[in-house]
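Notes follow once the structure below has been shown.
Protein chains in written order, with the UniProt record's numbering: chain A, 1 to 376; chain B, 1 to 376.
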């Protein structure tokens, strides 16, 4: 049985789901000859680690307890004294994680799993790389920081996986990595990478006003609490940056041309969410309606996509032919069209749910299993 | 620089293309820190190996020469005396390959790459497994032999890759393996896995008679020399078997329900290709036309697919909703719809060219690179 030790950073929706997956996959993973040893779990406030990080683990009872505590909205520090573990405050947390990394990195490839949404983890991750740790990310922030940070994180390219940073568990990164290693040059990627914006664009295509569609999306729970976090395109542009960097483009987030679906004067610093939803949004209806109509006159549809091609990397509304995987998209699926030498006339298409804690955590888990051959 | 030693078995269209890819990817692979050392190449008649299999390789000049000799239709034995290599006849070939396997298997994970279409390679492959070799297959035959053979080949499950046995280079196996290792149970796979039959079914949907469509497909080079090799569904059923076995179904080829598009009395043993094309085929037009019409009355379309669900594994024409990736399929793309816990309402869809030497060889190459972490 091969043991993969890991520390989970971030224990919100995705992180908790990952712990549940790990526990429920015990017998499956045993059949695959693998045991995942969870050495520690941290959130933004605390860290809980096995009492003997070198040998022991947070057992399944403790992991279940971690999930329960988190779903109650309590702090991990509540676990102090429960089972064989120790808890640390946020200020001690970093030192403790790095201590374990230096103990286990080079010898075992200790996996630092980042399921947080924080830009604070990149420091620990970079030091972890130097200590021989493997890195698995669902968190986009570390990969969309500076190029210097990015290069550091991917410097041991076989030691990092980050499938769930784009399209949740969809096999996007793994498929692109296969294309790269087979020397099939990627000419163009066009992707609808936001379930929310995919839904919005296919609904306005059906003639509904943007304002109404966004409000329905919000009430269906498809959007962030402030829908402008989706409509700004920032989340999509982070995903575009991760894809572009994977293709070898040395660019920063600031180099990406991003089309926001609302104007600056309706931004969060100038207008409350309520004012935006009840007053601002409706002013955007006519423009979108007209663009939809014009596209339709050309036999086309509008999609909010990222386009990566040559030196071009942009995010925004594009007019696309109806007769394509992207053009036919309905609902909240993510769709990627990848054009290469081998997929030149018809693209390689990967499509499916691109959000949700379950599939995001499943992607992280597949990544962890995927690096099992690096260490004995 | 990590060296991956390999022996290529089968040097027809796919094998030759693989050698060309290996040569043209030298600088790319060097950047990835990997060097592919081709120790030997065999076809059905001969074997050519580096003069010192333990240390040396067939260099790029020799590999290019191998491709030239093969494209001329000549024998590999012609290479005797060219560069630092030795050639062996078919009768010596197996012993020689196994000699190298025993020399390099356990210590280096020597990769046995099967790009043949032969059922004769399974013996060498099985012995290679015992000697610690890795296995990469484009050849479906070894995996669709008996369950006993299959179990032997996959007994070291991290030591085998066979992406290009289904959907050519499409990331099918790698994606399914990710789902499996993340514990996301696969409830149902429906796939159009024959470019030829995909083309045929979408053309008859447009009202063309089957006989005419098959003849056009043949003249376009989409079919095997005898189109019945496609229409029988045998090739699709081998792919279905590989998928089903990957999902853990312990079944034999004979357990798959296969719908042939021609009746037994028009089979190759009873009718020549010419008689089939000029007399037999036209008799099948009415039946297909009626089925297409009936499906259309239900708002559906017909597709020739494999369906794997529970204990069910069958291959044939299915009536499917137009409003799905499979229903919208036009032309010769392969499409897979995979339904799991995470992809339950909308499936995970993988679509693209599922045939061609270039993409098949690219899939093989990605597989070879994918096992680089198993050996130092």
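Even glycine gets a Cβ: it sits at the ideal position worked out from N, Cα and C.
In the three-state DSSP reduction, residue 134 (chain B) falls in the strand class (E or B). Residue range 90 to 108 is occupied by the alpha helix (DSSP H) that includes residue 95 (chain A). Taking the Cα positions, residue 323 (chain B) is about 18 Å away from residue 300 (chain A). Neighbours of residue 162 (chain B) in chain A, taken as residues whose beta carbon is under 7 Å from its own, are absent, since the nearest beta carbon is some 13 Å off. Taken atom to atom, the span from the alpha-carbon of residue 208 (chain A) to that of residue 313 (chain A) is near 30 Å. DSSP lists A:188 as the beta-bridge partner residues of residue 339 (chain A). DSSP, reduced to helix, strand and coil, places residue 156 (chain A) outside both helices and strands of the structure shown, so it counts as coil. Secondary structure remark: continuous beta strand (DSSP E) runs of at least 3 residues inside the stretch 10 to 46 of chain B, in chain order: 34 to 42. Contact annotation: the stretch 169 to 184 of chain B does not touch the stretch 136 to 148 of chain B, with fewer than three C-beta pairs closer than 8 Å. With contacts defined by Cβ atoms closer than 8 Å, residue 113 (chain B) and residue 6 (chain B) form a contacting pair. In the structure shown, the three-state DSSP call for residue 318 (chain A) is strand. In this structure, residue 115 (chain A) sits near residue 9 (chain A), with a CB-CB distance shorter than 8 Å.
With respect to the 8 Å criterion, residue 262 (chain A) and residue 228 (chain A) are classified as neighbours on the basis of their beta carbons. The secondary-structure analysis by DSSP pairs residue 333 (chain B) across a beta bridge with B:353. Residue contact check for residue 184 (chain A) against chain B: a CB pair falls below 8 Å.
Fewer than three beta-carbon pairs drawn from the stretch 156 to 164 of chain A and the stretch 343 to 358 of chain B are found closer than 8 Å, and the two stretches are therefore not classed as touching. At a cut-off of 8 Å between beta-carbon atoms, residue 342 (chain B) makes contact with chain A.
Every beta strand (DSSP E) stretch that sits fully inside the stretch 285 to 314 of chain A and reaches 3 residues is listed by chain position as 300 to 309.
Annotation: the continuous alpha helix (DSSP H) that includes residue 229 (chain B) extends over 228 to 231. Its Cα nearest to that of residue 64 (chain B), the residue B:20 stands out among B:20, B:366 and B:35. Residues 233, 315, 316 and 317 of the same chain have their beta carbon placed closer than 7 Å to that of residue 259 (chain B), with the five preceding and five following residues left out of the count. Comparing alpha carbon positions, the residue from B:213, B:75 and B:303 closest to residue 285 (chain B) is B:213. Minimum Cα-Cα distance from residue 191 (chain A) among the listed residues A:371, A:368, A:339 and A:151 corresponds to A:339. With respect to the 8 Å criterion, residue 75 (chain A) and residue 195 (chain A) are not classified as neighbours on the basis of their beta carbons. Straight-line spacing of the CA atoms in residue 224 (chain A) and residue 356 (chain A) works out to 13 Å. Interface annotation, residue 108 (chain B): not in contact with chain A, CB-CB separation never under 8 Å.
Taking residue 293 (chain B) as reference, the option from B:363, B:206, B:264 and B:129 with the minimal CA-CA separation is B:206.
Contact annotation: the stretch 359 to 376 of chain A touches the stretch 11 to 25 of chain A, with at least three C-beta pairs closer than 8 Å. Look at residue 372 (chain A) here: in three-state DSSP terms it is helix. Residues of chain B with a Cβ closer than 7 Å to the Cβ of residue 359 (chain A) are, in chain order, 342. Rounded to whole angstroms, residue 146 (chain B) and residue 131 (chain A) show a C-alpha spacing of 47 Å. Taking the Cα positions, residue 217 (chain B) is about 15 Å away from residue 278 (chain B). Listed in chain order, the positions of the stretch 327 to 338 of chain B with a beta carbon within less than 9 Å of a beta carbon of chain A are 328, 330, 331, 332, 333, 335 and 338. Spatial neighbours of residue 237 (chain B) in its own chain (CB-CB distance under 6 Å, excluding positions within 5 residues in sequence) are listed in chain order as 256, 258 and 315. Contact between residue 57 (chain A) and residue 37 (chain A) is confirmed by a C-beta separation of about 4 Å, below the 8 Å threshold. Less than 8 Å divides the Cβ of residue 152 (chain A) from the Cβ of residue 129 (chain A).
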